[in-house]
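Q: Let me begin by handing over the structure; questions about it come next.
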Amino acid sequence: MNGVRFNHLLGLEGMSREAITEILDSAEAFLEVLERPIPKVPSLRGVTIANLFFEPSTRTRISFELAEKRLSADVTNFSSSNSSLVKGETMLDTARNIEAMKVDVVVIRHFAQGAPHFLADRISASIINAGDGAHEHPTQALLDMLTLKHQIGALDGLKVLILGDIAHSRVARSNIWGLRTLGASVKVCGPLALMPREVEEMGVEITHDLNEALAWCDVVNVLRLQLERQQEGLIPSLRDYQRSFGLTRKRLEMAGGDKVIMHPGPMNRGVEIDSDVADGSGSVILRQVTYGVAVRMAVLYLISGGERIIE
Amino acid sequence: MNGVRFNHLLGLEGMSREAITEILDSAEAFLEVLERPIPKVPSLRGVTIANLFFEPSTRTRISFELAEKRLSADVTNFSSSNSSLVKGETMLDTARNIEAMKVDVVVIRHFAQGAPHFLADRISASIINAGDGAHEHPTQALLDMLTLKHQIGALDGLKVLILGDIAHSRVARSNIWGLRTLGASVKVCGPLALMPREVEEMGVEITHDLNEALAWCDVVNVLRLQLERQQEGLIPSLRDYQRSFGLTRKRLEMAGGDKVIMHPGPMNRGVEIDSDVADGSGSVILRQVTYGVAVRMAVLYLISGGERIIE
Amino acid sequence: MNGVRFNHLLGLEGMSREAITEILDSAEAFLEVLERPIPKVPSLRGVTIANLFFEPSTRTRISFELAEKRLSADVTNFSSSNSSLVKGETMLDTARNIEAMKVDVVVIRHFAQGAPHFLADRISASIINAGDGAHEHPTQALLDMLTLKHQIGALDGLKVLILGDIAHSRVARSNIWGLRTLGASVKVCGPLALMPREVEEMGVEITHDLNEALAWCDVVNVLRLQLERQQEGLIPSLRDYQRSFGLTRKRLEMAGGDKVIMHPGPMNRGVEIDSDVADGSGSVILRQVTYGVAVRMAVLYLISGGERIIE
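Protein chains in written order, with this note's numbering: chain A, 60 to 370; chain B, 60 to 370; chain C, 60 to 370.
Next comes the structure, spelled out in structure tokens:
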């Protein structure tokens, strides 16, 4: 493990093929660690990590926390479920304080796009973006790519369909940047109101016809539908959404061929994905979760210098 | 330590005398560990435990967490104080995800009866029931039994009175199963509206006369009165409840003989138990708390294979 | 490190010069630990610490937690943001329970003045006051003094101005006790309505003229203005407060001479302190945060016996 050095992981936009490949290769090593009887290494002993979650999260926070503990780091958690900041302090002051306490790595999820980048410019701790607004969620995309690499092999030429609410999805954005860099073709499919205009500039084809898109792809990455989109008037009803864009067994059979089925979770079963698809033969949804811990271990390891061996 | 193997601890209903005895014997060993200058053993190093609390809890969560850390396990906590699930995801999906992150043991408290059993049938991690609805709370009953064993010796033939809101009490239910299996006699006493019908089928005598019950018993386990029972119309007033079923020094003196006084906490002093009883000579209430950590260490140790020695 | 022994840290009122000096000297040693590549010592291995926060806190809780983990202690957190106690249990019962779980040290923040003292009289665990009502916040004052010692040297004869809402400030009270014991002169400045009468009995001069006070002092410790003071009618408006008592670059220049600028955080930039002062050359505000971790390590170390060497 050598070569690429990085101090922060803010997003996959602009990240080189070499850097992405190094993270994925390192994650492979950690996948092996996770299979050991004692899945723990002392690599980050004495490294202090703060998980700052300014938006509710269960699985991403737990995944990072387990990755950190399996690397033997010291961990402190901070959660603020409401959008107002602590006692009116600015986020920058909060972060500067945490830095002054000699925290080495800050994992941050924030409702505002760009919050991790803002901090990375201003404090010396390493920043890992665990999701910022509708912008990027790089470790999710990296775990998706690790899953595909394991399942299929090379990503070059792979045809990936991202299905659902593209406009509000940091998962979609990070996947598009990463998959395109590794040579995959990406199509997005979803209702017009949930489709951002700039996506075509990212080298991605848009379609609103799910059947056609399914006939084309090798992989379907189904996004979670935020149920509040209905209240916002962006979709007519869940039932209508399900009829046009829900992934069902019947639709997959019509499209023919084996597809790899992914979902970042948590799933709305019966809305964007049916249970027999989510739990069916092509689904790698739970494997994504396992690979997520390995990817986060790799990112934490590399960002902390990656000099100590994985014992 | 050998013999009985178990993958889950869901309840004491149906658990054999041999299994209960093995847990209590193992807990004795951990009580000794707790007396050491450094009360910590490496038994569960590298074992990952998730505490999932879908109902508010302070003492049970802290007791499990301390037990886990003194066994050198890696611990992650998840609390959801409201009854709706995370972002609408099913509890099964939440648990499957946590399993996919290579969590070895899930400690779960849930407002719904049977939730731990439901998970145990569906995921491969070991499940420990930390309280499910009004159903079972096995580690509480085990710590109650360990306390009695230490205080009195054999449980065979011991006369235990459980006093209070039997209908809504998982503590009562688990105690009845466990105590009966170890040969104790159990009576329950409380108002008619808080007395479940099926309790007689569990081999337990019902009485509504506290004085008579106190004259009979060696041990009184006083249950917490949930103050909302009054709003539900199940008791006329706290004052009336206290007059008929509150454990007072005067009542104990009338009954004669030394009684062991227990309470699972948290106590409503002046309602179900008076302070001079709670803090008096027969009270083992704080000892229960200490033994609780040892019992939870024993359960975690045995459930994780119990193969590594307690160093 | 030897000499003074203490079981609790409840406040700086009545604490001897010798004891304060020992804590500050010990904190110097831990400052060095924090500069190491692996800033962690095994001093408190096997020691269990419970952080009980009955009032919201981010930075103090995280600072204690990092100090504890860097001493290799086992840590459990309990937060209750509402003032009613857990399920109606008394704070004493909560604390007794935690003690029964063999917790060695309790770090407590409580909205009620005297809560830590009440517990210290009744349970055997060591109690550290992390802030009680408007009474004391001893580790904050200790870190302020450590910062000054580092920045300036001896505290004897130093002129310290505490600026702002003195009446509601535990930071002010603890600083006054500690600074006076170490030989510093203290003046307080703020609006009449936020000035407690008893402060003069503490050997402190009161002024309402900020310019005069600034001309006198070497150090300004700016207190946070709780924004609810306006709703309580204690200050006319934030704008008025800022005009009379806000620390601005202009005011500091008028006063002449270099001043050390301190603030316990979190800051209301533009209210009690301007950004160019907070981030300016005399500011030691972030250094205070770093020293806070070292001071808390020292207190925890000494309170736990201080016998094991800092390896």
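All C-beta atoms in this analysis are idealised placements derived from N, C-alpha and C, irrespective of residue type, glycine included.
Determine the DSSP secondary structure at GLY237/A, reduced to helix, strand or coil.
A: By 1-based counting over the first sequence, the position of residue 237/A is 178. If DSSP states are grouped into helix, strand and coil, GLY237/A belongs with the helices.
Q: Taking ASN270/B as the reference, give the member of THR307/B, ARG118/B, GLU114/B and ALA184/B with the closest Cα.
A: Walking along the second sequence from the start, residue 270/B turns up at place 211. That would be THR307/B, whose Cα lies nearest to the Cα of ASN270/B.
Q: I want to see whether chain A comes within less than 9 angstroms of HIS157/B, judged by CB atoms only; does it?
A: Sequence index remark: in the second sequence, residue 157/B carries index 98 (1-based). The sequence as given places Ile at residue 157/B; His does not occur at that position. Yes, ILE157/B lies at the interface with chain A (some Cβ there is under 9 angstroms from its Cβ).
Q: Can the beta-carbon of LEU103/B be found less than 9 angstroms from the beta-carbon of LEU284/B?
A: Against the second sequence, residue 103/B aligns to sequence position 44. Against the second sequence, residue 284/B aligns to sequence position 225. It is not a contact, given that the beta carbons lie outside the stated cut-off.
Q: Just checking, does the stretch 188–198 of chain A make contact with the stretch 164–176 of chain A on the three C-beta pairs under 8 angstroms criterion?
A: Yes, the stretch 188–198 of chain A touches the stretch 164–176 of chain A.
Q: In this structure, how does DSSP classify VAL145/C when only helix, strand and coil are distinguished?
A: Taking the third sequence and counting its residues from 1, one reaches residue 145/C at position 86. Unreliable placement is indicated for VAL145/C, whose pLDDT of 48 sits below 50; the coordinate value is still reported in the next sentence. Looking at VAL145/C - three-state DSSP - the assignment turns out to be helix.
Q: In angstroms with no decimal places, state the Cα-to-Cα distance between GLY262/C and GLN210/C.
A: Numbered from its first residue, the third sequence carries residue 262/C at position 203. Numbered from its first residue, the third sequence carries residue 210/C at position 151. Those two C-alpha atoms are separated by around 24 angstroms.
Q: List in chain order: all unbroken alpha helix (DSSP H) runs of 4+ residues lying wholly within the stretch 117–144 of chain C.
A: Runs of the alpha helix (DSSP H) inside the stretch 117–144 of chain C: 118–129.
Q: From GLU114/A to ARG120/A, what does the alpha carbon distance come to, in whole angstroms?
A: Residue mapping note: residue 114/A aligns to position 55 of the first sequence, counting from 1. Residue mapping note: residue 120/A aligns to position 61 of the first sequence, counting from 1. Each residue's alpha carbon lies about 10 angstroms from the other.
Q: Using 9 angstroms as the limit for Cβ to Cβ distance, is ARG129/B near chain C?
A: Looking up residue 129/B in the second sequence gives position 70. Interface residue, yes.
Q: Tell me which residues of the stretch 220–241 of chain C have at least one Cβ-Cβ distance to chain A shorter than 9 angstroms, keeping chain order.
A: Residues: none.
Q: Verify the CB distance criterion: does GLU312/A have a CB-CB separation below 9 angstroms to chain B?
A: Mapped onto the first sequence, residue 312/A falls at position 253. So, not an interface residue.
Q: Less than 9 angstroms between the beta carbons of PHE112/A and ARG168/A, yes or no?
A: To locate residue 112/A, count along the first sequence from 1; it is residue 53. To locate residue 168/A, count along the first sequence from 1; it is residue 109. Yes.
Q: Under the three-state reduction of DSSP, which class applies to ILE33/A: helix, strand or coil?
A: Within the shown structure, residues of chain A are numbered from 60 to 370, placing residue 33/A beyond reach of any answer.
Q: Helix, strand or coil for LYS208/C per DSSP?
A: Sequence index remark: in the third sequence, residue 208/C carries index 149 (1-based). Note: LYS208/C maps to helix in three-state DSSP.
Q: Below 8 angstroms, how does it come out for the stretch 240–260 of chain A and the stretch 214–232 of chain A: are there three or more Cβ pairs, yes or no?
A: Flag = yes, the stretch 240–260 of chain A and the stretch 214–232 of chain A touch.
Q: Fully enclosed by the stretch 160–236 of chain C, which alpha helix (DSSP H) runs are 4 residues long or longer?
A: Correct list: 174–179 and 197–211.
Q: Strictly under 9 angstroms for the Cβ-Cβ distance: is THR107/B near chain A by that measure?
A: If you number the second sequence from 1, residue 107/B lands on position 48. Chain A contact via Cβ: present.
Q: Is DSSP giving THR80/C helix, strand or coil here?
A: Within the third sequence, the letter at position 21 stands for residue 80/C. Of the three classes helix, strand and coil, the one that applies to THR80/C here is helix, per DSSP.
Q: Could you give the residue range of the beta strand (DSSP E) that holds GLU72/B?
A: One-based indexing of the second sequence puts residue 72/B at position 13. From DSSP, GLU72/B is part of no beta strand (DSSP E); its letter is neither H nor E.
Q: Below 8 angstroms on the Cβ atoms is my guess for ALA88/B versus THR349/A; work out the distance and round it to an integer in Å.
A: The count along the second sequence starts at 1 and reaches residue 88/B at position 29. The count along the first sequence starts at 1 and reaches residue 349/A at position 290. No, ALA88/B and THR349/A are not in contact; Cβ-Cβ is about 35 angstroms, not under 8 angstroms.
Q: I want to check one thing, is the minimum distance from the CB of VAL92/B to the heavy atoms of the ligand FMN below 8 angstroms?
A: By its list of ligands, the structure shown contains no ligand whatsoever, and the ligand FMN lies outside what it can speak to.
Q: Whole angstroms are fine: how far does the CA of VAL134/A sit from the CA of THR135/C?
A: On the third sequence, position 76 is the one that residue 135/C refers to. On the first sequence, position 75 is the one that residue 134/A refers to. Taking the straight line joining both Cα atoms gives about 12 angstroms.
Q: Which residues in chain B sit within 7 angstroms of THR135/C, going by Cβ to Cβ distance?
A: Numbered from its first residue, the third sequence carries residue 135/C at position 76. In chain order: ILE121, GLU124 and LEU125.
Q: When the cut-off is 9 angstroms and only beta carbons count, does VAL165/C lie next to chain B?
A: What you label residue 165/C is simply residue 106 of the third sequence in a count that begins at 1. For VAL165/C, the answer is no, since every Cβ of chain B falls outside 9 angstroms of its Cβ.
Q: Using a Cβ-Cβ distance under 9 angstroms, would GLU148/C count as near chain B?
A: As a first step, residue 148/C must be located in the third sequence, where it is residue number 89. Taking Cβ atoms only, chain B reaches closer than 9 angstroms to GLU148/C, which makes this a yes.
Q: Report the option in CYS276/A, SER363/A, GLU287/A and GLY315/A whose CA atom is closest to the CA atom of ASN327/A.
A: For the purposes of this step, residue 327/A is taken as the residue at position 268 of the first sequence. The shortest C-alpha separation from ASN327/A is found at GLU287/A.
Q: So is LYS318/C buried or exposed if we call it buried at 16+ other beta carbons inside 10 Å?
A: Counting from 1 along the third sequence, the entry for residue 318/C is found at position 259. Answer is buried; the Cβ neighbour count reaches 16.
Q: Expressed to the nearest angstrom, what Euclidean distance is found between the alpha-carbon atoms of ARG302/A and GLY292/A?
A: Locating residue 302/A in the first sequence gives position 243, counting from the first residue. Locating residue 292/A in the first sequence gives position 233, counting from the first residue. Their backbone Cα atoms lie some 17 angstroms apart in a straight line.
Q: Can you check whether the CB of ILE362/C is closer than 9 angstroms to the CB of PHE65/C?
A: Position 6 of the third sequence, counted from the first residue, corresponds to residue 65/C. Position 303 of the third sequence, counted from the first residue, corresponds to residue 362/C. Result yes, Cβ atoms of PHE65/C and ILE362/C sit closer than 9 angstroms.
Q: Would DSSP call THR307/C helix, strand or coil?
A: Within the third sequence, the letter at position 248 stands for residue 307/C. Three-state result, THR307/C: coil.
Q: Residues in the stretch 89–106 of chain C with C-beta within 9 angstroms of chain A's C-beta atoms, listed in sequence order?
A: For the stretch 89–106 of chain C, which is checked against every Cβ of chain A, the residues closer than 9 angstroms are LEU93, GLU94, ARG95, PRO96, ILE97, PRO98 and LYS99.
Q: Compare the Cα-Cα distances from GLY324/C to each of ALA337/C, GLY315/C and GLU312/C and report the closest residue.
A: Counting from one through the third sequence, the residue named residue 324/C turns up at place 265. For GLY324/C, the nearest C-alpha among the options comes from ALA337/C.
Q: Starting from the C-beta of GLN289/C, find all residues in its chain whose C-beta is less than 7 angstroms away, skip the five residues before and the five after it, and write them out in chain order.
A: Along the third sequence, one-based indexing puts residue 289/C at 230. Closer than 7 angstroms at Cβ, skipping near neighbours: SER296 and LEU297.
Q: Using the C-alpha atoms, what's the distance from ILE225/B back to ALA272/A?
A: Numbered from its first residue, the first sequence carries residue 272/A at position 213. Numbered from its first residue, the second sequence carries residue 225/B at position 166. Each residue's alpha carbon lies about 59 angstroms from the other.
Q: Helix or strand or just coil, what does DSSP make of LEU282/C?
A: Within the third sequence, the letter at position 223 stands for residue 282/C. Correct three-state label for LEU282/C: coil.
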